[in-house]
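Novice: What follows is a single structure, and I will ask about it in a moment.
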Amino acid sequence: MPLKSHYSVIIVGAGPTGLMLANILGVEQIDTLLLERNERTVSEPRAVSIDDESLRTIQGVGLIEAVLGDVVQGYGSHYYSPSGRAFARVQPAVQEYGFPRRSAFRQPILEAQLREGLRHYSHVEARFSHLLQRFDQDGSGVALQLAGPDGTVQTTRCDYLVGCDGAHSFVREALGISMEGASFGERWLIVDLLGTPDRFRHTRVYCDPLRPAISLPGPNGTRRYEFMLRPGEDEASLLKEDAVRDMIARRSAGDRNLPIARKVVYAFHARVARHWSKGRVFLAGDAAHLSPPFAGQGMNSGVRDSLNLGWKLASVVRGELGPGLLVTYEQERKPHAWALIEMAMRIGHFMMPRSRAQAFLMQNLLRLLSVFP
1230 MPLKSHYSVI IVGAGPTGLM LANILGVEQI DTLLLERNER TVSEPRAVSI DDESLRTIQG
1290 VGLIEAVLGD VVQGYGSHYY SPSGRAFARV QPAVQEYGFP RRSAFRQPIL EAQLREGLRH
1350 YSHVEARFSH LLQRFDQDGS GVALQLAGPD GTVQTTRCDY LVGCDGAHSF VREALGISME
1410 GASFGERWLI VDLLGTPDRF RHTRVYCDPL RPAISLPGPN GTRRYEFMLR PGEDEASLLK
1470 EDAVRDMIAR RSAGDRNLPI ARKVVYAFHA RVARHWSKGR VFLAGDAAHL SPPFAGQGMN
1530 SGVRDSLNLG WKLASVVRGE LGPGLLVTYE QERKPHAWAL IEMAMRIGHF MMPRSRAQAF
1590 LMQNLLRLLS VFP
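If you read the sequence shown in the working numbering, its first letter stands for residue 1230, the second for the next number, and so on.
The structure is reproduced here in structure tokens:
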């Protein structure tokens, strides 16, 4: 079907941030178009930790009952020394926002649930296999040129455009906005397993300078392992199945032969966009900030972006508040996103000791800190 000639808001990117923003605008009764270049939502596991604020946001769009059925609520982190002894436990028990501070989920399932939630809103249109080719803005709105699944080019306009199109954001690059911060040389091997017999419900963090590693529980018998690669190690060799299974066996013999759903090597980043908007175009999620994975806050920060920006866009579109309100989006979200990135980097220092001496000092520092509430 052809696109309408005008929408109040167009969102580019149907990851968790874009899908959440579309649901929020759906609740707010705002005429919205969601564009995604891929055929469907993701099929492979990516983010695995969801926090209490994100669950409250999901509750706010009426999807909490569906989502909680596939979430393992309430898990912490246990930290282990090179000798295998637990030297610290972080298990938050408070629930100020109505849900546990940290829970496990599967991103493909959550994205499918958020996409299904859009069916409740006749004024929200989701178009997959649609590629944004260019956009231009003026004082009254944004004009877009899109290519559909058969290559047919269409044009449309909107009052506001939001780029939720990931780390390599086309929207951000088209605006000429740079990223600030650092990319790190450490590489991590990520392995997602199915059908684990291990029912330990907390994350195990192995602070071993020889091979820092993490074991994270997931719903429905899934488990993720993350192993830090040493400088000079060959990615292709370590991605071979036997090498992957040997690394898993060093941490859990029972998981060695389980089905592998995904294995990939990635480097991590601590970066934020210099600006989060330009005129009538905004950035959210990974398009605006990239976090190391150690605090589990990358996706959750994107959900916070959606909640902060969503009600403000709705209020401005309806004429209840002036467009000056939208300036507060970056003012409020950027410092908070960077604070969580810095927290993730601090956690990473404990998880990745460079030597046994450094590991000893860090572990004893944590033991000292744990004396205080």
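Don't be surprised by glycine CBs; every beta carbon is placed ideally from N, CA and C. No experiment lies behind these values; they were computed from the predicted model shown.
Here's the rule: buried if 16 or more other CB atoms are within 10 angstroms of the residue's CB, otherwise exposed. What is F1429?
Specialist: Only exposed fits F1429, as fewer than 16 other CB atoms lie within 10 angstroms of its CB.
Novice: Buried or exposed: P1460, going by 16 or more other Cβ atoms within 10 Å of its Cβ?
Specialist: Counting Cβ neighbours within 10 Å, P1460 comes out exposed, since fewer than 16 surround it.
Novice: Going by the CB atoms, is the gap between S1530 and A1566 shorter than 8 Å?
Specialist: yes
Novice: Rounded to a whole number of angstroms, what is the C-alpha to C-alpha distance between W1417 and P1521?
Specialist: 11 Å
Novice: For M1457, which residues does DSSP report across the bridge?
Specialist: Per DSSP, the beta-bridge partners of M1457 are W1417.
Novice: Restricting to Cα atoms, I'd like to know which of V1400, A1586 and S1535 is closest to Q1374.
Specialist: V1400
Novice: For H1359, count the other beta carbons within 10 Å of its own beta carbon; 16 or more makes it buried, fewer makes it exposed. Which is it?
Specialist: buried
Novice: Where DSSP assigns a beta bridge to R1452, which residues make up the other side?
Specialist: In the DSSP assignment, R1452 is bridged to L1422 and P1446.
Novice: Leaving aside the five residues before and after R1318 along the sequence, list all residues of the same chain whose C-beta is less than 7 Å from its C-beta, in chain order.
Specialist: G1305 and H1307
Novice: Under 8 Å by Cβ, that's how I've got P1274 and R1491 pegged, so tell me the actual separation to the nearest angstrom.
Specialist: 6 Å
Novice: May I have the straight-line CA-CA distance separating Y1389 from L1512, to the nearest angstrom?
Specialist: Whole-angstrom Cα-Cα distance: 11 Å.
Novice: Around the Cβ of S1332, are there at least 16 other Cβ atoms within 10 angstroms (buried) or fewer (exposed)?
Specialist: Buried is the call here.
Novice: Tell me K1492's beta-bridge partners as DSSP assigns them.
Specialist: V1420
Novice: With the cut-off set at 8 Å, would you say D1515 and G1392 are in Cβ contact?
Specialist: no
Novice: Who are the near neighbours of L1550 in its chain, counting only those whose CB is closer than 8 Å to its CB and skipping five residues on each side?
Specialist: K1541 and S1544
Novice: Whole-angstrom Cβ separation of P1448 and V1301, contact assumed at under 8 Å?
Specialist: The C-beta separation of P1448 from V1301 comes to about 5 Å, placing the pair in contact by the 8 Å criterion.
Novice: Distance, Cα to Cα, L1292 vs Q1342?
Specialist: 8 Å
Novice: Under the rule that 16 or more other beta-carbon atoms within 10 Å means buried, what is T1384, buried or exposed?
Specialist: exposed
Novice: Taking 8 Å as the threshold, find out whether the segment 1501-1508 comes into contact with the segment 1458-1473 through three or more Cβ pairs.
Specialist: Taking 8 Å as the limit for Cβ pairs, the verdict is that the segment 1458-1473 does not touch the segment 1501-1508.
Novice: Mind checking D1367: buried by the 16 CB within 10 Å criterion, or exposed?
Specialist: exposed
Novice: Is any heavy atom of the ligand PLP found at a distance shorter than 7 Å from the C-beta of S1535?
Specialist: Within the structure as shown, the ligand PLP is missing, as the structure has no ligands at all.
Novice: So, using beta-carbon positions, are L1538 and Y1558 closer together than 8 Å?
Specialist: yes
Novice: Count the other CB atoms within 10 Å of the CB of H1518; is the residue buried (16 or more) or exposed (fewer)?
Specialist: buried
Novice: Under the three-state reduction of DSSP, which class applies to L1550: helix, strand or coil?
Specialist: coil
Novice: Can you round the beta-carbon distance between A1568 and S1310 to whole angstroms, since I take them to be within the 8 Å contact cut?
Specialist: So it is not a contact: roughly 29 Å between Cβ atoms.
Novice: So, for P1337: in the same chain, excluding its five sequence neighbours on each side, which residues have a beta-carbon less than 6 Å away from its beta-carbon?
Specialist: V1271 and S1272
Novice: Starting from G1255, follow the alpha helix (DSSP H) in both directions and report where the run begins and ends.
Specialist: P1245 to V1256
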